[in-house]
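So the number in the numbering used here is just where the residue sits in the sequence shown, counting from 1, plus 84.
C-beta: ideal position from N, C-alpha, C; glycine also.
For clarity, every value in this text was computed on a predicted model and none was experimentally measured.
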Amino acid sequence: MFLSPLAIMAVGSLRKPGLPPPGGLELRPDVFWSGNYGTVAGLIPLGQQLLNSVLVVSTAVPVTVLVASWAGFAIAMARPAVRRPLIGIALVMLSMPASAMWVPRKVMLEQLGLTDHTLVVALPAVMGTTPFYVLLFALAYHRIPRSLYEVAAVEQASAFRIWRSVAFPLARPTMFAVAALAFAAYWGNFIDPLILLTTEDDWPVALGLRTLAALEPTLHPLYMAAAVMATAPVALAFLAAQRALAPRRGLET
């Protein structure tokens, strides 16, 4: 079910442009045409946009994992009287629609002079990107036996050392899950670049791909070729996360 759209997209990218759109589901084009990949690179600065996306995710994903992990550890280690309000605040923030933040964020960043740079798209990472990731880490740390934290505390380990030596290594599955989700979120984000970036050379590939949606139906294979190149890194990221989690899941079962 999940691989079918990817397969259809790959097949569509090999269809010769200029032909009438297929009447139904086409599992094999009559004529294979690999030139779509070179043609689409001439329509938009695809190479530069791919590099911009790589820059964004290589910055945002590690920062997201670290910040969300620290915040989740703080929630897990807090007293129940403090932990419950913090979780409540996180849930309230999680229920807010993302569109409510678009205009205030743009105004704030314009006043700070931080717009029109590719990395401005990665700024939410300094807040953990979303409270959902923080809650995932908080749940993972809460499930670790309290005795492990107490042993480290008896040895007079600092909170940072307990996080680094005990909590974070044991939350490895959550770390890979959050990293994969953050990668997909930042790689596929085109709303924030559309609002914050005006120069095409600063656009990530998701926004560049969006501009190809206006192509006429007979040029649909070009859009499919660009979509394949834009989707492949996300698929590889999820496969890498799945392979990293599989051995541990097998041991637990």
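Inter-segment contact for the segment 135 to 144 and the segment 266 to 274 is present: three or more beta-carbon pairs are separated by less than 8 Å.
Here Ala206 is buried, its C-beta having at least 16 other C-beta atoms within 10 Å. The alpha-carbon of Ser118 is positioned some 52 Å away from that of Ile159.
Following the DSSP letters along the chain, one finds Thr295 inside the alpha helix (DSSP H) bounded by residues 289 to 295. The shortest CA-to-CA distance from Ala222 to any of Thr199, Met259, Leu134 is the one to Met259. Under a 10 Å Cβ-count criterion, Thr283 is classified as exposed, with fewer than 16 other Cβ atoms of the shown protein chains found around its own Cβ.
Sixteen is the threshold: when 16 or more other Cβ atoms of the shown chains lie within 10 Å of the Cβ of Thr213, as they do, the residue is buried.
Here DSSP, grouped into helix, strand and coil, assigns Phe260 to helix.
Residue range 130 to 161 is occupied by the alpha helix (DSSP H) that includes Gly131. Counting along the chain, Ala243 sits inside the alpha helix (DSSP H) bounded by residues 243 to 246.
For Ser97, the number of other beta carbons within 10 angstroms of its own is at least 16, and it is reported as buried. If you check the CB distance, Ile228 and Leu254 come in under 7 Å.
Annotation for Ala310: Val124, Leu293, Leu296 place their beta carbon closer than 6 Å to its own, counting only its chain and skipping 5 residues before and after. Following the DSSP letters along the chain, one finds Thr123 inside the alpha helix (DSSP H) bounded by residues 120 to 127. Boundaries of the alpha helix (DSSP H) around Val187: 186 to 196. Spanning the alpha carbons of Val191 and Val218 requires a straight line of approximately 26 Å. Looking at the backbone, the Cα of Tyr307 and that of Gln132 are separated by about 17 Å.
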